[in-house]
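Here the protein sequences come in this chain order: A and B.
All residue numbers for the first sequence refer to our numbering, where the first residue is 80 and numbers rise by one.
All residue numbers for the second sequence refer to our numbering, where the first residue is 80 and numbers rise by one.
Don't be surprised by glycine CBs; every beta carbon is placed ideally from N, CA and C.
Since this is a predicted model, take the numbers as computed values, not measurements.
One structure below.
2 protein chains.
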Amino acid sequence: MDLIRIYQCFCDPTRLRILNLLLQGPLCVCHLQDILKEPQVKISKHLLYLRERDMVEVERCGNWMIYALPVKRGKELETNLKCLQDCTQSDPVFVKDLKALARIVKREPVGVFNNGPYPATVKARSPLRIASQRASS
Amino acid sequence: MDLIRIYQCFCDPTRLRILNLLLQGPLCVCHLQDILKEPQVKISKHLLYLRERDMVEVERCGNWMIYALPVKRGKELETNLKCLQDCTQSDPVFVKDLKALARIVKREPVGVFNNGPYPATVKARSPLRIASQRASS
DNA sequence: TGACTGTATTCCTATATAGGAATATAGAAT
DNA sequence: ATTCTATATTCCTATATAGGAATACAGTCA
Chain A
80 MDLIRIYQCF CDPTRLRILN LLLQGPLCVC HLQDILKEPQ VKISKHLLYL RERDMVEVER
140 CGNWMIYALP VKRGKELETN LKCLQDCTQS DPVFVKDLKA LARIVKREPV GVFNNGPYPA
200 TVKARSPLRI ASQRASS
Chain B
80 MDLIRIYQCF CDPTRLRILN LLLQGPLCVC HLQDILKEPQ VKISKHLLYL RERDMVEVER
140 CGNWMIYALP VKRGKELETN LKCLQDCTQS DPVFVKDLKA LARIVKREPV GVFNNGPYPA
200 TVKARSPLRI ASQRASS
């Protein structure tokens, strides 16, 4: 039963928050840290959990690991992600996370958010460092 | 986060099968046993788990405990149950369960399946015994 | 090269969960 | 009162999970 895999991934708050964020597009771990305000180990472990169950895909990009929802999704996963997106809209925690993400997206010059994977021009610098450089210029 | 409760209930095969069946209407434990072909303890424990998380409601009716999905369901539960019903249609295990349930429903003279809670007239006899009496007459 | 950054992994502990065997319980039948 | 039936509970064990501290590692920068 494939559904079990999906619901196992869904049944932890941190993982649900991560998935909710990834519904908006690929993200590196540092952004997840920044938004969730959770220890790095914790996030990293949950990402491992999700990876092991094919709930996310990873791509290394310089120092950063870019996590994303699978490109090819079965009918069941698709349906449940849609459902999740539906449900998270009414929960303050998820809404707050999305707002924090929006703030990051806005200040990012280029990046995963518009164009898929981090483009080559960004590879040399951390998204967060770029952001702070921007902010202070 | 209320969603977690829901997904915790969803992340075990036996519970998922139970919920899928209850989507068709209230059921007593013996019918669940009959359909799932799982040991009584196992079913009973999962029902406890579901009860503790307000995922099912119970009503005693003579010897039988009638389990049902909650009458009042929050938006999130409603959405997810709908999603579940969607997904189970493509999985042979769930389809098989529903067929087994349909067989039981067909041979039951009266009962929970059409009228909600077991009517008074049935209280004196086990649904299954009624069924076998019918079959052998 | 060495230092730094982002992320993963290892080791540990606490808690939750699944499941079986045996037993208890509540209500009905005799 | 005793027996029977449906279901729940207790006790036990094995495994999974969550999370933190410390450490490892891979890639980049100077």
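Check whether chain A comes within 7 Å of residue i, counting only Cβ atoms and requiring the distance to be less than that.
i                 : result
Thr-158 (chain B) : yes
Gln-87 (chain B)  : yes
Glu-155 (chain B) : yes
Ile-183 (chain B) : no
Leu-177 (chain B) : no
Pro-149 (chain B) : no
Cys-166 (chain B) : yes
Cys-90 (chain B)  : yes
Cys-162 (chain B) : yes
Pro-206 (chain B) : Because the pLDDT at Pro-206 (chain B) is just 44, under 50, the model does not fix this residue reliably, and the value given afterwards should be weighed accordingly. No, no contact with chain A.
Is there a Cβ of chain B sitting closer than 7 Å to that of residue i, yes or no?
i                 : result
Pro-105 (chain A) : no
Asn-193 (chain A) : No answer about Asn-193 (chain A) holds up, because its pLDDT of 39 lies below 50 and its placement is not dependable.
Ala-210 (chain A) : Because Ala-210 (chain A) carries a pLDDT of 32, less than 50, the predicted location of this residue cannot be relied on, and no value is offered for it.
Val-189 (chain A) : With a pLDDT of 46 at Val-189 (chain A), under the threshold of 50, the modelled position of that residue is not reliable, and no figure is offered here.
Pro-171 (chain A) : no
Leu-115 (chain A) : no
Leu-101 (chain A) : no
Met-134 (chain A) : no
Leu-127 (chain A) : no
Leu-82 (chain A)  : yes
Which partner residues of residue i appear in the DSSP bridge assignment?
i                 : result
Ala-147 (chain A) : A:Glu-136
Leu-106 (chain B) : B:Tyr-146
To the nearest whole angstrom, what separates the beta carbons of residue i and residue j, a pair I think is in contact under 8 Å?
i                 : j                 : result
Leu-166 (chain B) : Thr-158 (chain A) : The displayed chain sequence assigns Cys, not Leu, to residue 166 (chain B). Right, their Cβ atoms sit about 6 Å apart.
Leu-100 (chain B) : Asp-170 (chain B) : Wrong, their Cβ atoms sit about 13 Å apart, outside the cutoff.
Gln-87 (chain A)  : Leu-180 (chain A) : With 8 Å as the limit, Gln-87 (chain A) and Leu-180 (chain A) do not qualify as a contact, their Cβ atoms being about 25 Å apart.
Ile-122 (chain A) : Leu-129 (chain A) : Contact flag wrong, Cβ pair sits at about 10 Å.
Ile-83 (chain A)  : Pro-92 (chain B)  : 6 Å
Met-144 (chain A) : Val-150 (chain A) : Their Cβ separation, rounded to whole angstroms, is 17 Å, which puts Met-144 (chain A) and Val-150 (chain A) out of contact at 8 Å.
Where do the N-terminal and C-terminal ends of the alpha helix (DSSP H) with residue i fall, by residue?
i                 : result
Glu-157 (chain A) : 154–167
Glu-131 (chain A) : 119–131
Asp-176 (chain B) : 171–186
Cys-90 (chain A)  : Note, Cys-90 (chain A): premise wrong, no alpha helix (DSSP H); not H, not E.
At least 3 beta-carbon pairs within less than 8 Å: the stretch 107–127 of chain B vs the stretch 94–109 of chain A: no
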